[in-house]
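Chains as they are written, first to last, in full-length UniProt numbering: chain A, 1 to 609; chain B, 1 to 609.
Below is the structure:
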């Protein structure tokens with residue numbers, strides 16, 4: 001595969017290219033790129049039509065909202081995005097979060113929202129979360145998403161996958177279930193009225209579609225390759241099987257008049273283009289949407305960025321997180337003013353787009369044209385589409401979110417990270433997506449703070465005949481009853497400052513012969529004002545106890561700061577450049593070893609840092 | 001001063017002593033200890049009477065509440081506390097926070113609370129915050145207070161000092177001012193009705209007391225010593241000058257009938273003992289007290305613990321934070337059921353208690369008896385006490401909270417810590433104590449996370465002829481165009497995992513000749529699951545780019561964990577015990593130096609850790 005026009009040089013082309021990455025690559029756009037973008041757009045459009053309808057229904061919105069969210073936002077992303085292959089549009093998790101956000105609202109009269117009110121709320125949500133993303137981009141806050149740890153994302157994705165699949169069991173079976181988490185769904189199942197049972201034709205069609213799609217996903221590619229098709233072509237064809245399921249089941253519903261027998265169909269989808277307008281405020285509690293909008297922005301951005309970076313790395317391109325924030329934000333704002341729901345980068349479509357060879361973001365704009373044509377010409381046919389088919393498509397597409405191997409892997413690596421993953425997963429399942437992501441972030445931050453608040457430290461001794469010092473409990477090393485060298489394995493800050501005091505004072509209490517204590521600071525990357533006070537307290541108490549406090553291997557940036565305090569002046573002992581220097585000066589072995597080992601004077605002249 | 005009976009051995013005396021430190025020292029209690037405790041109790045009681053009245057009024061409560069809070073709580077602390085010298089009781093900051101908490105409530109009818117309702121709320125607050133402290137103690141959460149950094153405490157104390165002094169300007173001048181922060185106080189000053197001006201006799205008396213107390217504080221000790229008094233006796237006598245101010249100004253108010261001329265007096269204080277009873281729920285929004293109670297517990301505990309530890313260190317005793325939580329919690333619960341307000345360890349009284357030679361917590365119990373006698377016999381006299389005198393006592397006692405030198409010192413040491421201090425200070429001044437402490441904690445946590453999310457890293461080279469490696473930008477070192485050694489100066493966790501990816505990939509992009517990259521991990525104390533994934537991503541991308549990724553100086557605990565992942569297997573390069581090993585194996589200089597320098601094989605055999 002040849003290299004696409006370089007996106008990475010866009011920065012050098014001045015202010016226009018700085019905000020409009022398009023300006024960077026359009027000049028180099030050629031016939032070959034056009035061909036690749038068009039091919040990718042056709043395949044992605046065919047995938048996107050059923051997904052757009054399905055995710056709109058998942059969000060509890062009219063089906064056409066998914067189509068509208070697949071036009072203007074894609075064009076805006078093509079103009080402002082820095083990824084050449086990210087395919088934006090409605091995605092499962094964001095749709096689930098949208099449903100959850102809208103379900104949490106009530107109308108002006110306190111009752112549940114009517115359909116037009118829900119639609120207005122969805123548009124508002126897209127507009128607000130888009131504006132938040134743009135603001136974060138302008139403030140260069142892209143790095144903030146790093147505070148969501150991988151285990152939290154992993155637990156959240158798996159739980160969301162389970163919730164999405166559970167939410168589709170209703171449409172698959174004809175049961176009217178509802179709820180934003182497993183508890184609510186179970187409750188709604190238990191409280192089903194008498195006679196509101198399974199609709200067997202719906203279940204049969206749904207299971208049939210599910211089985212066919214699953215089989216196609218697992219075996220069709222090999223089958224086509226056995227028939228002589230190239231691997232890449234076979235792979236792409238497999239991704240379009242959902243459209244086949246859509247066509248066949250629509251024909252079935254039309255031919256057998258299944259709608260008249262009680263099967264839920266998509267029903268009349270208004271054809272044509274969405275109108276541009278600002279969403280209206282549906283109720284007084286629209287400010288309640290702010291938290292939901294923030295979570296949707298963050299989750300959508302995290303997913304999109306990870307996806308864009310993974311794909312970009314394969315082509316050695318780079319993604320600019322802050323520009324991505326702006327591009328995704330404008331796309332969401334575009335969705336909000338053109339009748340669409342909140343959007344994000346979609347995993348399966350982006351991978352297909354990449355595999356099909358999309359060369360520039362223009363592929364996305366061409367996809368938007370494909371969706372436009374579909375909503376002009378295909379809406380009459382889409383009315384016949386059974387909802388159970390869409391439910392089967394969602395279930396098959398979503399099952400890849402569930403990653404049980406990650407749970408095992410994370411637990412094996414670290415119980416703490418595993419616990420963060422499981423807590424996020426369980427809270428998401430039983431409390432819903434918003435509580436899940438918030439609790440997950442808090443748990444992983446708390447876990448990190450707990451880890452750093454009880455730092456590892458080790459008494460070290462000299463490896464005989466060398467300038468190296470190692471843990472006395474793990475190695476055979478030289479020690480000295482009058483000298484203790486404590487290696488601190490953590491930056492010193494307020495949360496562990498008192499812990500350090502306790503460790504040092506307990507050490508001194510245990511070793512009455514002690515005259516010198518050296519804190520070896522090679523792993524201390526920071527000493528904040530609280531830790532400085534603790535060091536001063538330690539120094540004071542050790543001095544009172546007749547023990548001198550010394551420091552060694554203080555890093556350059558840390559030392560620069562210490563020099564601005566009074567600690568170096570008040571210190572009972574010295575600050576040594578290396579632990580070996582301290583050993584030579586303070587140990588009973590020191591003078592002897594100083595002569596045979598310090599052959600080049602390195603440790604005396606080279607500052608640590 | 002001889003050593004008091006050892007408190008630290010209490011642990012060895014079994015289960016009783018484990019929960020009742022009293023059991024540890026009572027057996028050794030002798031006549032000498034009794035004498036010291038009695039002397040300390042007399043002096044502290046004399047200090048405490050006016051302070052107890054003043055802090056109750058500061059909290060917006062009847063004056064006797066301060067006396068009630070100085071009986072049962074002191075006895076309970078004597079039974080359960082581990083500090084031999086901490087003097088608990090009403091203190092300025094906790095009283096200010098109590099006032100703020102009660103001011104935030106409204107009664108059952110939505111109106112402001114009446115005095116009996118405010119009293120009931122204060123008792124409930126003491127009971128709840130006491131129960132919270134006990135629960136934290138049983139759960140061994142004493143270490144949680146470490147998450148309040150010193151700059152935040154410093155900013156909070158200074159701002160509280162300013163707020164307390166500002167709140168006393170009203171009683172000092174006869175103006176009726178109110179409010180929990182400077183903005184509200186300013187507003188209440190501007191909206192004073194016509195004619196509600198300064199009451200000049202009150203102001204004169206208040207300023208007179210203030211000037212006398214300030215002068216006594218600054219010069220009386222030297223004066224008494226010049227007259228031949230011993231320094232310690234002179235110091236203690238100075239601390240009791242407030243009682244002289246109380247006696248003289250009460251006599252003045254009685255003799256000149258100042259109450260009839262419009263001066264605010266303490267008025268009738270019910271004599272005798274408080275009755276024991278559970279506080280009643282005053283209104284439906286009592287749950288609103290929970291946050292206030294938590295903040296009062298935490299602030300009270302932080303202050304008490306710091307004070308107890310400072311005093312204990314001077315006598316080489318140790319304080320057990322979890323037992324202190326239980327002791328302070330029971331004391332507060334005791335206050336709640338005996339008509340008292342929330343309490344904590346008081347700075348000035350504890351220092352006096354220490355200086356007077358209090359040998360055991362029994363000194364506190366004797367102080368309680370002193371207060372009991374005062375409330376039996378002195379209440380008729382206290383009715384004549386002008387409030388302006390109490391305001392002057394509070395202002396003089398509180399001025400020590402304001403520590404402007406700490407602001408300068410913190411800013412000089414670190415702009416970030418200085419900013420946390422200033423933000424806490426300003427928010428406390430303009431929003432009140434509760435917002436101040438919450439925002440302060442969040443800011444200092446955020447600051448720490450920000451610092452660690454953008455870790456320092458340095459390309460290092462070999463100090464010629466040695467096994468040491470130093471920053472190429474700070475030192476003259478050997479490097480190799482095919483080998484880069486990057487020292488990471490931070491633990492790797494989710495917040496900086498992507499930052500590491502960016503740093504490494506940018507480095508590789510800049511140095512096209514690179515074949516080997518070594519991450520030197522001596523300052524990496526943790527690699528969490530997110531960072532592990534980032535390392536895997538880095539490894540994958542480097543391998544694809546033809547660069548081998550190596551690690552060196554991985555610490556024991558970190559390596560133990562890495563072995564449970566697939567990274568060591570998938571790694572493109574090796575994991576070296578020392579950076580020098582990596583240099584020998586990978587550098588063009590390596591083979592040469594390997595012969596002349598690795599004379600003892602230390603770096604090959606000694607694992608880092």
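We put the CB at the ideal spot given by N, CA and C, even for glycine.
Treat the numbers as computed from the prediction; the structure is a model and nothing was measured.
- The continuous beta strand (DSSP E) containing residue 460/A extends over residues 457-462.
- Shown here for residue 177/A: same chain residues with a beta carbon closer than 7 Å to its own, the five before and five after excluded, namely 169, 170, 185, 188 and 189 in chain order.
- Residue 443/B is positioned such that its CB atom lies closer than 8 Å to that of residue 424/B.
- Residue burial is scored here from C-beta neighbours: residue 404/A has fewer than 16 other C-beta atoms within 10 angstroms and is therefore classed as exposed.
- Against residue 556/A, the close residues of chain B are 471 and 474, in the order they occur along the chain (beta-carbon pairs closer than 8 Å).
- Annotated three-state conformation of residue 68/B is helix, per DSSP.
- The beta-bridge partner set that DSSP reports for residue 539/B is empty.
- Per DSSP, the beta bridge partners of residue 549/B are 517/B.
- Apart from the 5 residues on each side of it in sequence, residue 537/B sits with its Cβ closer than 7 Å to the Cβ of 501 in its chain, given in chain order.
- The three-state secondary structure of residue 499/A, taken from DSSP, is helix.
- Residue 154/B and residue 294/B have their C-alpha atoms spaced approximately 19 Å apart.
- For residue 301/A, the enclosing alpha helix (DSSP H) has its first and last residue at 289-314.
- Taking the beta carbon of residue 414/B as reference, the chain A residues within 7 Å of it are 528, 529 and 561, listed in sequence order.
- In the pairwise beta carbon analysis, the segment 65-85 of chain A is classified as not touching the segment 97-104 of chain A: fewer than three pairs are separated by under 8 Å.
- The beta carbons of residue 162/A and residue 420/A sit about 18 Å from each other, so the pair does not count as a contact at 8 Å.
- Bridge partners of residue 31/A according to DSSP: none are assigned.
- From the listed residues 475/B, 89/B and 478/B, the smallest Cα separation to residue 53/B is found for 89/B.
- Counting every other CB atom within 10 Å of its CB across the protein chains shown gives residue 133/B a total of 16 or more, marking it as buried.
- Of all residues in the segment 435-452 of chain A, those with a C-beta nearer than 8 Å to a C-beta of chain B are 444, 445, 448, 449, 451 and 452, reading in chain order.
- Within the segment 179-227 of chain A, the runs of alpha helix (DSSP H) that reach at least 4 residues and sit entirely inside it are, in chain order, 182-190, 200-215 and 221-226.
- Residue range 347-355 is occupied by the alpha helix (DSSP H) that includes residue 347/B.
- The Cβ atoms of residue 456/B and residue 417/B lie no closer than 8 Å to each other.
- Within chain A, the C-beta atoms nearer than 8 Å to that of residue 150/B come from 494, 497, 529, 530 and 533, in chain order.
- Only 541 from the segment 540-552 of chain A bring a Cβ to less than 7 Å from some Cβ of chain B.
- Any Cβ of chain A closer than 8 Å to the Cβ of residue 462/B would place that residue at the interface, and such an atom is absent.
- Here residue 525/A is buried, its C-beta having at least 16 other C-beta atoms within 10 Å.
- The beta carbon of residue 536/A does not come within 8 Å of any beta carbon belonging to chain B, so the residue lies off that interface.
- Bounds of any alpha helix (DSSP H) do not take in residue 402/A, whose DSSP letter is neither H nor E.
- Rounded to the nearest whole angstrom, the CA to CA distance from residue 434/A to residue 342/A is 15 Å.
- Note that the C-beta distance between residue 263/A and residue 361/A is not below 8 Å.
- Cα atoms of residue 580/A and residue 555/A: separation of roughly 15 Å, rounded to the nearest angstrom.
- Collapsing the DSSP output to three states places residue 412/A in a helix.
- At least 8 Å separates the CB of residue 317/B from every CB of chain A.
- Contiguous alpha helix (DSSP H) elements confined to the segment 235-270 of chain A occur at 241-255, taking only those with 4 or more residues.
- Going by C-alpha positions, residue 46/A is about 30 Å away from residue 131/A.
- For residue 487/A, the enclosing beta strand (DSSP E) starts and ends at 483-488.
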